[in-house]
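Each remark here refers to the structure printed beneath this line.
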Amino acid sequence: MYLGMGSFSYIWLIIPVLILSMYAQSKVNSNYTKFSKIRNTSGKTGAEVAREILMRNGLSHVQVIRGQRKLSDHYSPRTETVSLSPEVYDKPSISAASIAAHECGHAVQHATAYGPLNIRSQIAPVVQFASGAASMLTFLGIVLAYRGNITILNIAILAYVIVTLFHVITLPVEFNASSRAMTMLADYNMISEEDMEGTKKVLNAAALTYVAAMLASLMTLVRLLLIRGSSRD
């Protein structure tokens, strides 16, 4: 049995993904910081932007709450709540308007039964379990594979198939929410054409992190498949 080739191949596969992940995170931080310091044309805070977008879309029942941590912004389909981090909730910046609109884009997706969001919500509990077990299963699976037993490794592979599928489904959900955000901000005259450049940079950088996460999960899956293949040699 020879497992070295699988690990060696994986290194060359994962390096570009690691570089992309670091680049994406750097762009998120730099664009968020830059456009957090620039006031949006409407002068509305993230909370005000969110409430107006929700109202215009007949979603006044969706609550907009102030979160606790930086970049913790999210929409919860279960509670129908848009949670905005303090800087987004309180500030009238381009970053705040962009992120608030993006999260409201998810609320609109939910209200209109957007397919990919529904699928993601339905499989989320399974993914949470698979993701939590994946690391331990991977470790045990690789150890046992060296001894000729690939049963646990196969279970780890299944877990990463589920996690990777979740990341794949997440991509259209996030890209669509950003597209809706830019359209709504423009249609409701919340930002100017000049602001839109900053909005695109903020949202595109965030989207890149989801691409990187999907590729990282895919590369881990490829690694496990390579190890399983080499364990049979």
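Quick note: the sequence shown, position 159, residue 173 per my numbering, numbers continuous.
The C-beta atom is built at its ideal place from N, Cα and C for all residues, glycine as well.
Owing to the predicted nature of the structure, the values given are computational and were not obtained by experimental measurement.
1) Residues in the same chain with beta-carbon distance under 6 Å from Pro130, minus the five sequence neighbours each way, listed in chain order, please.
2) Mapping DSSP to helix, strand and coil, what is Leu73?
3) If you reduce the DSSP assignment to three classes, tell me which class Ser107 lands in.
4) At a cut of 8 Å, does the stretch 234–244 reach the stretch 150–170 through at least three beta carbon pairs?
5) Going by alpha carbons, who is nearest to Glu211 out of Arg161, Leu27 and Phe49?
6) Between Ala159, Gln39 and Ile137, which has its C-alpha nearest Ala221's C-alpha?
7) Give me the Cα-Cα distance between Ala125 and Asn132, rounded to the nearest whole angstrom.
8) Might you give, ordered along the chain, the residues of its own chain that have their beta carbon closer than 6 Å to the beta carbon of Leu232, omitting 5 neighbours on each side?
9) Residue range of the beta strand (DSSP E) that Leu98 falls in?
According to the structure shown:
1) On the sequence shown, residue 130 is found 116 positions in, with the first residue counted as 1. If we look at Pro130 and ignore the five residues flanking it on each side, its Cβ neighbours are Ile183, Pro186 and Val187.
2) Locating residue 73 in the sequence shown gives position 59, where the first residue counts as 1. If DSSP states are grouped into helix, strand and coil, Leu73 belongs with coil.
3) In the sequence shown, the residue the question calls residue 107 occupies position 93. Residue state, collapsed to three classes: strand.
4) yes
5) One-based indexing of the sequence shown puts residue 211 at position 197. A check of alpha carbon separations from Glu211 across Arg161, Leu27 and Phe49 identifies Phe49 as the nearest.
6) Your numbering for residue 221 matches position 207 in the sequence shown. Checked all of Ala159, Gln39 and Ile137; the closest Cα to Ala221 is Gln39.
7) Numbered from 1 along the sequence shown, position 111 holds the residue referred to as residue 125. Numbered from 1 along the sequence shown, position 118 holds the residue referred to as residue 132. Whole-angstrom Cα-Cα distance: 10 Å.
8) Locating residue 232 in the sequence shown gives position 218, where the first residue counts as 1. Excluding positions up to five away in sequence, the list reads Thr178.
9) Here residue 98 is taken as the residue at index 84 of the sequence shown, counted from 1. For Leu98, the enclosing beta strand (DSSP E) begins and ends at Thr95 to Leu98.
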